[in-house]
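Peer 1: Dropping the structure in here first, questions after.
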Amino acid sequence: MKTIENAAGRQVLNEINGEKHIPFQGVGKYRPEGKKHAPSIASCSDYPADGNKVVKDLRTALEKAGLRDGMTISTHHHFRNGDFLANQVFDIAKEMGVKGLRWFPSASFPCHEHLIQYLQDGTIQRIEGSMNGPLGRFVSEGGMEGTGVLRSHGGRYQAVQDGDVRIDIAVIGAPTADEFGNSNGLSGDSACGLLGFALADSQYAEKVIVATDNPVPFPCVPWQIQGNYVDYVVHVEKLGDPSRIISGTTQITKSPDRLLLAELTAKFCQAAGIIREGFSFQSGAGGTSLAVGEYFRKIMKEEGIRARFARGGSNKYLVSMLEEGLVDYILDGQTFDLEGVRSMGENPGHVWSSPFTSYNYHGKGNFAGLVDVVILGATEVDLDFNANVVTHSDGYLLHGIGGWQNCLFSKTVILPIPLFRDRVPVIRDQVTTLCGPGELIDVIVTERGIAINPLRTDLIKATKNSGLPIKTMEELKAEADRICGLPAAPALEDRVVAAIKWVDGTVIDMVRQVSLSS
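For the sequence shown, position 346 (counting from the first letter as 1) is numbered 353 according to the numbering used here, and the numbering increases by one without interruption.
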């Protein structure tokens, strides 16, 4: 396959799955042209006058939507590892004898291992979305016919809005919905909080199916998906397993090393003057990120500081900060536990957001650049502060991008990461897969020291006499290599199995097939 060198120095394809793609040109260098994509104009005369769009089952809805070979089908990850719906959609496609489908999920989970059989028999030709767990391993080993494409949450919205991906049928799982298609995720056995990842699909797809296991009479209030975009409504027995959709089990890490990472991160933010009256922050729902939030809470209480807003992923810890008056608003993009769902339904300061408002790079600004500090993770970083979040050092594709790339546009980006995992150094000469350019990553916090990007002279000056263990990336890498030894390069084939998109839709890197012969 013919490749071209992009602005990051990576060899990438400019034709993927028979379609032309633009190589990465540098941060902020690519300028889109043209108009937003739009679906076909609909007429009310084609829909029930009484507003009742309910059909008898999911197969009927897919048949009415015109499911046929080669279509693009989208689903969403609001139900996370408890999702039943995506598997049901492709079970039906198999029954109908449909082939060559493009699956366009907002994310996949281990529960979607069920779909490997449909990648093997040609029902699904390729996945354009995160490929986690067993799906990632299957794709990395060359099992998928087409080439995968991974995008951030904002990049997915951009691709739909710009017409890079034209969705034929969007299937939206809704924990609560009325017969007109108005939907929300706030109640019912499958309650998940937000439905924001399906927003673009509802607005731009040719046909939209809403499936619910909690039908309510019109109007479903509040609605997060507007019924005017919906073609068909289906009542299903169960959308997912509530114990794996959402729960109260999100917990702060108990690992001493991870707690040290969190403490060092918070102390760095304090020393740098980031934690101040009216600041804003974002951190994830992983154990280390939650611990950072708790250290922030301690500092804020001690110094009488109130944050203007926190970007979420919401969880019980962030909700408690809102309810204690430490945070004015949660701008929520995804809800991780039942306390987050409760708060979203009750508290006007707990605000719904979506990939459009938060992350879409092809808009008139987005929320990411308004955040003072964001706490993220990574599987690898290199000496130039470039970072990887989708593959491990062995080349296996086992994570999605999520909102990670989009968050890099925050004012200060900090990655608390261990110096090594399972005796494999996390700091490399060059990352296996480039997901985020080093010019956007400001601070690397490890349990053995903190490295500040030389571009951030302000942070270097602010923390010079802080007493924190400030080191260079070269010093951290040397220490990791001394402890673990020099890591072997991954054994990879020439075949490209997936492309990594940057936030503007350009191709920043490629993932190659893992060699099984070594």
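For every residue, glycine included, the Cβ atom is placed at its ideal position computed from N, Cα and C.
1) Buried or exposed: where does G347 fall if 16 or more other Cβ atoms within 10 Å of its Cβ makes it buried?
2) Between which two residues does the beta strand (DSSP E) harbouring R502 extend?
3) Is the region 365 to 384 in contact with the region 431 to 439, if contact means three or more CB pairs nearer than 8 Å?
4) May I ask which residues mark the beginning and end of the alpha helix (DSSP H) holding A2?
5) Using beta-carbon positions only, say whether S287 and R313 come within less than 9 Å of one another.
6) Measuring CB to CB, does E148 end up less than 9 Å from F111?
7) Tell me whether the region 504 to 513 and the region 452 to 468 touch, counting them as touching only if at least three CB pairs, one residue from each stretch, are closer than 8 Å.
8) Could you tell me which whole alpha helix (DSSP H) segments of length 4 or greater appear in the region 309 to 371?
9) Quick one, are the C-beta atoms of S209 and I176 less than 9 Å apart?
10) Tell me whether the beta-carbon of I174 lies closer than 9 Å to the beta-carbon of E213.
11) Can we say the region 190 to 209 touches the region 437 to 451, given the rule of at least three CB pairs closer than 8 Å?
12) If you count every other CB in all the chains shown that lies within 10 Å of the CB of I490, and 16 or more means buried, which is it?
13) Keeping to the same chain, check which residues put their C-beta closer than 7 Å to that of P141; ignore five residues upstream and five downstream.
14) Among residues of its own chain, excluding the 5 on either side of K418, which ones have a beta-carbon nearer than 6 Å to its beta-carbon?
15) State the start and end residues of the unbroken alpha helix (DSSP H) segment that holds D196.
16) Pick from F91, K484, K305 and N395: whose alpha carbon is nearest that of G247?
17) Between the Cα of Q520 and the Cα atoms of D449, K508, D436 and L405, which residue gives the shortest distance?
18) Please state whether DSSP places T440 in a helix, a strand or coil.
19) Which residues share a DSSP beta bridge with D536?
20) Could you say which of T479, Q132, I477 and C414 lies nearest to G561 if we only look at CA atoms?
21) I think G107 touches Q127, with their Cβ atoms under 8 Å apart; what is that distance to the nearest whole Å?
22) Are L499 and A458 close, meaning C-beta to C-beta below 9 Å?
23) How would you write the range of the beta strand (DSSP E) that R109 sits in, first residue to last?
24) Excluding the 5 residues flanking S361 on each side, which residues of the same chain have their C-beta closer than 6 Å to its C-beta?
25) On the three-state DSSP scale, how would you describe N191?
26) Apart from the five residues just before and just after K5, which ones in its own chain have a Cβ nearer than 8 Å to its Cβ?
27) In this structure, how does DSSP classify P39 when only helix, strand and coil are distinguished?
28) Consult DSSP for K261 and reduce its assignment to one of helix, strand or coil.
29) Sorted by chain position, which residues of the same chain lie with C-beta nearer than 8 Å to S194's C-beta, five sequence neighbours on each side aside?
30) Is it right to say V228 is buried, meaning 16 or more other beta carbons lie within 10 angstroms of its own, or is it exposed?
31) Nearest to A93 by CA position, among H83, G58 and R66, is which residue?
32) Short check: CB of V450 to CB of F275, under 9 Å?
33) How far does the beta strand (DSSP E) with F285 in it extend, from its first residue to its last?
34) Look at the Cβ atom of P461, then the Cβ atom of I467, and state whether they are nearer than 9 Å.
35) Name the residue from C51, S365, G293 and E310 whose alpha carbon lies nearest to the alpha carbon of K323.
36) Return helix, strand or coil for S81, following the three-state DSSP convention.
Peer 2: In this structure, then:
1) buried
2) L499 to K508
3) no
4) What the structure shows of the chain is the stretch from 8 to 525, and residue 2 is not part of that stretch, so it cannot be assessed.
5) no
6) no
7) no
8) 323 to 330, 345 to 353 and 362 to 365
9) no
10) yes
11) no
12) exposed
13) P117, E120 and I123
14) D379
15) Careful: D196 lies outside any alpha helix (DSSP H) and carries neither H nor E.
16) F91
17) L405
18) coil
19) With the chain represented from 8 up to 525, any question about residue 536 goes unanswered, as that position is not in the structure.
20) The structure shown does not extend to residue 561, since the chain is modelled only from 8 to 525, so the question has no answer here.
21) About 13 Å separates the two Cβ atoms, so there is no contact after all.
22) no
23) L108 to P112
24) G203 and L206
25) strand
26) Because the chain is modelled from 8 through 525, residue 5 falls outside the range shown and cannot be assessed.
27) coil
28) coil
29) P182, T183, N221 and G352
30) exposed
31) H83
32) yes
33) It should be noted that the sequence gives Gly, not Phe, for residue 285. That residue, G285, is in no beta strand (DSSP E); it is neither H nor E in DSSP.
34) yes
35) G293
36) strand
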